[in-house]
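Chains as they are written, first to last, in numbering that gives the first Met the number 0: chain Z, 0 to 188; chain B, 0 to 935. Cβ atoms here follow ideal geometry from the backbone N, Cα and C, with glycine treated the same way. Note that the coordinates shown come from a computational prediction; the quantities given were computed from them, not determined experimentally.
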Amino acid sequence: MHLTDIREKLAARPDLTRHLAQVKEQMATCIQCGTCSSSCPNAGFMDMTPRRMWRAVLTDRVDMVFSSQTFMLCASCYVCTLRCPRGLPLTDAMAELKQVAFALDLDRFRRSTRFYRAFMDNIRQYGRVRETEMMARYFLAVKDPRVPMSYTGMGIKLMAKHKLHPHFPTLGPGRLGPLFERATQQQEQ
Amino acid sequence: MTDQIGKTLVIGGGISGIRASLDLAQAGFQVILMEQADRVGGLLSQLDTQFPTSTCGMCRMLPMMDRDHVDPQCLRRGLAHDNIEICVSTDLISLTGEPGHFTVSFIAQTDGGRQECPVLVVDDEKIVRDSMKEWLREEGYPVQTAESAATALELLKTGNFKAMLTDIKMPGMDGVTLLTRAKEIQPDLAVVMMTAYAAVDTAVEAMKQGALDYLVKPFDPDAVLLMVDRIYKDAVAQNARIDTVDAVILATGATFFHPDQGINAYGYGRIPGVVTNLEFERMLSHAGPGGMDLTHPVTGRPVTRIAWFQCVGSRDIQTGTPFCSATCCMISVKQSLLAKTMYPHVTEACVFYMDLRTWGKASDAYARQAEAAGVRFVRARVHSLAPGLKEPDGAIPVVWMDPSGERNQSLFDLVVLAPGQHPDAFLTGFVKDQELTADDWGFVRPEPFLPAHTSRPGIFACGSATGPKDIHDSVTGATAAALSAMQVMAGAGRHLVQNSEQTESPVQQAAGISLFPGALVIGGGIAGMTAALAIADQGFEVDLVEKTDHLGGNLVWLKKGIQGADDFLEQQMAAVQAHDRIRIHTRNCAAETTGRPGRWITRLTPVEDAVDQSAGVPVRHGVVVLAVGGVEAGPDAPEPDQKSGFYTQQQFQQLLDGNDIDSGSPLQVALFQCHGSREPGREYCSRVCCPRSLDQAMQLKSLNPDTRVVIFYRDMMTPGLTEADYTEARKKGVVFVPYEPGNAPNLAAEDTGCKVTWTDPILGRAMEMDADYVILAKGIRSGLSKDLAHMFEADLDGSGFFDQADIKWRPVEAMDPRVLACGICLEPGSLALTLASARAAAAKAVSLLGRQTFFPSQDTARVRSAFCSLCRICIDACPFNARFIDPETRTLKVDPLACQGCGICAAACPSGAAVVAGRSLAPMMKTIHAALNAPL
Ligand SMILES: Cc1cc2nc3c(=O)[nH]c(=O)nc-3n(C[C@H](O)[C@H](O)[C@H](O)COP(=O)(O)OP(=O)(O)OC[C@H]3O[C@@H](n4cnc5c(N)ncnc54)[C@H](O)[C@@H]3O)c2cc1C
Ligand code: SF4
Ligand code: SF4
Ligand code: SF4
Ligand code: SF4
Ligand code: SF4
């Protein structure tokens, strides 16, 4: 299902195809040494190690690239970027794949996409994260009752440790609005 | 002026410098060998054994002629030759002039060297003071530090400093005020300002007030050292010794990457048990600190598990090193093999590598030998090391991912880092002062087709100063550099040192043998032509034999594939044909030879229907150069299989050169490396096919960037600076797929083209391509036949190439130094290497022919003719064919160039007529008695 799905969606979006080509070009000198994979603290949780991800990018296996969650699990810790003998911008490349995946709006990334969006909206609005409200908006956005259910256990634990504050003192609007606008402007240029 | 003796300055006393000096000295020229350290030998004085022989044998470089002029001692301990003036602990101050007349000034560190140049470092930051102190001390400068201007002024009043390096911004008095005050105390003090980038203006201002220069923080050690070096040289210039020389050979080698520089991911200096390969070399050495056992440097226990990490400070953009250091893979192969075989307590020897660079004719078999001895080779790069806090005995946990993404962990007692070779501060300074052309990384770049020439006439270079090299390539390059210096000296009309034999005893004179004064060169490829030209240019007659009807050999098909080779071949051919000392015999072969070595009479016979007039004419020659080249190893079919798209590399090159590839629409091309190479039957790497494939891949990509090019390889052999091409090909989108001998890609010929299927080791997926072309890299096979080699008492090695007297130390000659070889019948290699070996062989030939007459030395056998009954027993007993009966005098003679002084003849001779100094009955019996009685 994914293969045709992804290829079709990409074909309809030449801007994303170009974006992917740029990532490929950035990564061209990778020598498959695996330093990134062995240094990545999250590699154990990834369905595909970073090295395999780069290999899939370089051999044009978009189907493999976007059926993986690897770039979603990248914590942007920059360890791989610091260690890669080719000096490749690996963390940035992970972020770019994330962006392409968001823009493609593939089903499989819907939850992550919605999560990121709720998180960013929250920050934009208050200048910081109000966890309770953020989660509420996230649950509304995914439109799937199973999702809030899956968080119940964690919610109760957090509540017991007083880590969740159902009644948050009202905050004024954050002051990060102009910053976001500037960033968007710059990106568009 | 013209009746001067020729003299060359050799800078650097490592193996390259020693080799070049010995070659020049043997040829009869004078040499000044200048070395910064307090002894010659360079890196080699720290290595007991070297690959690919697991022995040393450096003494085999000692000359075969005029042996009495050289002290026959271990070359790793020292060198002494009548024609070589060795200046150790010596610094070059300046070098000016041109070929035939260079003025050099230099100073011994003992009389007014760096000791006489005390430096004062002023900075409020302790770390700056301490690191500067360390760098400068290491170079031999006395250093004092001050944390403030006030302290500095106190010190200046008491001490006599030559230089002061001062920070500008300091609490209390600032650096500029300090400058003014310091100049009041000591007007001739050289002051260098140190400043952050933001304050450069102030530094420039300070220069108007008398500062010599400034350094911008953060600075690297080289910049500081170069600055102080400049001050030092100015300060001692008036005490320096001045000399004139005709030519200069730069042989200063390279330095090693310090693994504690930069991010130091492997914790060198922090984690006990992480050592460099040079430190490990000392641990292995019986003479080293560890004695007989291989013990852990901290715990002192015998080491059982050792890991080697390749490419530390090589092939790593993060350390500014995009090139491969060419030798470290083989160093680790050697060390792991020795550790595994010499020490039974070493149970685990494991080499972590990316590509195992076992290029050259003997290296791959050596690596297989290590594998057979139980060394594990793991294709992985370890990202970093942390001390094993939880592990007993401080074992170091090593974590790596295998291609499938599987995480592995093992414990090791020792981790040996294989650091890369980098240009050193001296080289950087020399290149700058002499305005030499260097490559992007700071190594001297040789001129095209002239392997030892720098961009400055009269200044030559060899060894790792021209890019990372192993012993074999360094030694070959050094002899080639010696030839270039000889050419300059001959051009300036210089003489040789007077032959001292003329004053020696009449007994010796009587036993002398003289060579026929010409050379026979067999093979008219680029190697043969280059050697012939160089020998003839030095004034000797050359007969050049070529079996086909044209000169040029392989270069005829290859010339368009190598930039500039077309014109170069044209020029060389014209020069050979026009030379009045070279007689060319095309369509001829050497049929048989008679006479003694050095007095060969070789009969040439025409191959079928030859028209050459000289056919059957005997050639008299004193040396022979075998340059019969080689061919692309066994193509499956002489013609390409065009239907399925199968081509050998050579066949495909012709297609590319003829513009016969239609790439209007994107093609699919597979290049298949090591096809039939590096496996039983042909156990060596041909060294040229990987670079050639990269070149072909890039050509295909430039014909059409959308062409899909996949290279299947075992290890990409792009040692040294050719690594840049490997990276370039990746940039162009060429895909590289590694394979192991047992699981090569599957090729299935189809009606048109070929289906290639393989499993990508990283993706773990089956892949395929419908290839329009499949290009097979077959490698090189030697063209030297047993018959030809045997004709001159030489032999073939296990791979069919010329068997050298010693692969490292005497790389272009047979046991008999009059039998030389060069080009790809000597060893597989690039055009650059071929030219180096050809020029090296020519250098050897020229120095032999220049001497002409040779006398026995103390080390060679003599004959007491009065006792000799001409029974010939010794002739049969001598393993080196050194004894013969002179037909003219009817006496038994010893060939001093062939005799190795082994003493077998002395034991065999029933009449006591064969004698070798120190090998006669009495001393031998004494030695045996002593050995028997010695306490065990
Ligand atoms: C497949 C292949 C790929 C290569 N790729 C590269 C590359 O990419 N880059 C690079 O720098 N180098 C490359 N080389 C190497 C390059 O061709 C050589 O370094 C160089 O041409 C060798 O010169 P030569 O004179 O030693 O040998 P040859 O060019 O082989 O010349 C030997 C000559 O001797 C003649 N001869 C042979 N036997 C006799 C005899 N008994 N009597 C008289 N004459 C005889 C032969 O006919 C020939 O003319 C490659 C070589 C091969 C085979
Ligand atoms: S560390 Fe760099 S070169 Fe190595 S596999 Fe990862 S991306 Fe490629
Ligand atoms: S930046 Fe991302 S991919 Fe790289 S090591 Fe960190 S988590 Fe792993
Ligand atoms: S020879 Fe090249 S590949 Fe091997 S360790 Fe040295 S730099 Fe790395
Ligand atoms: S293809 Fe040739 S150069 Fe490359 S590794 Fe194999 S034998 Fe060596
Ligand atoms: S037997 Fe040994 S010592 Fe005697 S002539 Fe031969 S090589 Fe020399």
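Alpha carbons only, please: which of the options is nearest the one belonging to residue i?
i               : options                        : result
P418 of chain B : B:A379, B:Y265, B:G387         : B:Y265
H18 of chain Z  : Z:L103, Z:K162, Z:C83, Z:D46   : Z:L103
P301 of chain B : B:D392, B:Y365, B:S781         : B:D392
V415 of chain B : B:A489, B:G373, B:M282, B:G158 : B:M282
E370 of chain B : B:L336, B:V345, B:A385         : B:L336
R493 of chain B : B:Q25, B:Q29, B:T179, B:V9     : B:Q29
G41 of chain B  : B:A748, B:K731, B:L277, B:K777 : B:L277
I83 of chain B  : B:I17, B:L94, B:D90, B:G538    : B:I17
R946 of chain B : B:V818, B:M766, B:L514, B:C824 : Chain B is shown only over 0 to 935; residue 946 of chain B falls outside these bounds and no answer can be derived.
D885 of chain B : B:C877, B:F879, B:D894         : B:D894
I774 of chain B : B:G799, B:I761, B:A748         : B:A748
A246 of chain B : B:G359, B:T102, B:T601         : B:T102
D90 of chain B  : B:E183, B:D173, B:A234         : B:A234
For residue i versus residue j, is the C-beta spacing smaller than 8 Å?
i               : j               : result
I806 of chain B : P51 of chain B  : yes
V61 of chain Z  : R6 of chain Z   : yes
A424 of chain B : L224 of chain B : yes
G523 of chain B : G822 of chain B : no
M60 of chain B  : L896 of chain B : no
R26 of chain Z  : L72 of chain Z  : Correcting the residue type first, residue 26 of chain Z is Met in the shown sequence and not Arg. Going by C-beta atoms, M26 of chain Z is not nearer than 8 Å to L72 of chain Z.
R190 of chain B : G171 of chain B : One point to set straight first is that residue 190 of chain B is Val, not Arg, in the sequence displayed. No.
A841 of chain B : A437 of chain B : no
I937 of chain B : R240 of chain B : Given that chain B is displayed from residue 0 to residue 935, the structure contains no residue 937 of chain B and the question cannot be resolved.
T726 of chain B : T28 of chain Z  : yes
W556 of chain B : Q653 of chain B : yes
R707 of chain B : M766 of chain B : no
P909 of chain B : I872 of chain B : yes
A481 of chain B : P450 of chain B : no
P665 of chain B : E792 of chain B : no
R863 of chain B : P855 of chain B : no
G457 of chain B : A477 of chain B : no
Let me know if residue i comes out buried or exposed under the rule of 16 or more other beta-carbons within 10 Å of its beta-carbon.
i               : result
E812 of chain B : buried
Y77 of chain Z  : exposed
M924 of chain B : exposed
V297 of chain B : exposed
T593 of chain B : exposed
L178 of chain Z : exposed
M341 of chain B : exposed
M0 of chain Z   : Because M0 of chain Z sits at a pLDDT of 43, beneath the cut-off of 50, its placement in the model cannot be relied upon, and the point is left open.
L869 of chain B : exposed
Q508 of chain B : Because the pLDDT of Q508 of chain B is 43, which lies under 50, any placement of that residue in the model is unreliable, and the question is left without a value.
Q501 of chain B : Note that Q501 of chain B has pLDDT 42, beneath the 50 cutoff, so the model's placement of it is unreliable and no number is given.
S93 of chain B  : exposed
T318 of chain B : buried
Q184 of chain Z : exposed
D659 of chain B : exposed
So which residues of chain A does residue i contact, with C-beta pairs closer than 9 Å?
i               : result
K730 of chain B : Among the chains of the structure shown, chain A does not appear; the protein chains present are Z and B.
> Listed in chain order, which residues are found with a beta carbon closer than 5 Å to a heavy atom of ligand 5?
Replying inline: Going along the chain, the residues that qualify are B:Q672, B:C673, B:S676, B:C684, B:S685, B:C688, B:C689, B:M716, B:A776, B:G778.
>> Please output, in chain order, the residues near ligand 2 using a CB cut-off of less than 7 Å to any non-hydrogen atom of the ligand.
In response: These are the residues, in chain order, with a beta carbon less than 7 Å from any non-hydrogen atom of ligand 2: Z:M26, Z:C29, Z:I30, Z:Q31, Z:C32, Z:G33, Z:T34, Z:C35, Z:S36, Z:P49, Z:R50, Z:W53, Z:C79, Z:R82, Z:C83, Z:P84, Z:R85, Z:L87, Z:L89, B:R380.
>> What ranges does the alpha helix (DSSP H) occupy inside the stretch 358-422 of chain B, keeping only unbroken runs of at least 4 residues that lie completely in it?
In response: Correct list: 362-371.
> Along the chain, which unbroken stretches of the beta strand (DSSP E) at least 3 residues long are found entirely within the stretch 299-360 of chain B?
Replying inline: With a minimum length of 3 residues, the continuous beta strand (DSSP E) runs that stay inside the stretch 299-360 of chain B are 304-311, 347-352.
> Curious, which full-length beta strand (DSSP E) runs of at least 3 residues does the stretch 221-267 of chain B contain?
Replying inline: Correct list: 240-244, 246-249.
> If you scan the stretch 152-179 of chain B from start to end, which runs of the alpha helix (DSSP H) of 4 or more residues do you find wholly inside it?
Replying inline: Entirely contained in the stretch 152-179 of chain B, not one alpha helix (DSSP H) run reaches 4 residues.
>> Give the list of continuous beta strand (DSSP E) stretches no shorter than 3 residues that lie fully inside the stretch 447-472 of chain B.
In response: Secondary structure within the stretch 447-472 of chain B: the beta strand (DSSP E) runs of 3 or more consecutive residues, fully enclosed, are 458-460 (chain order).
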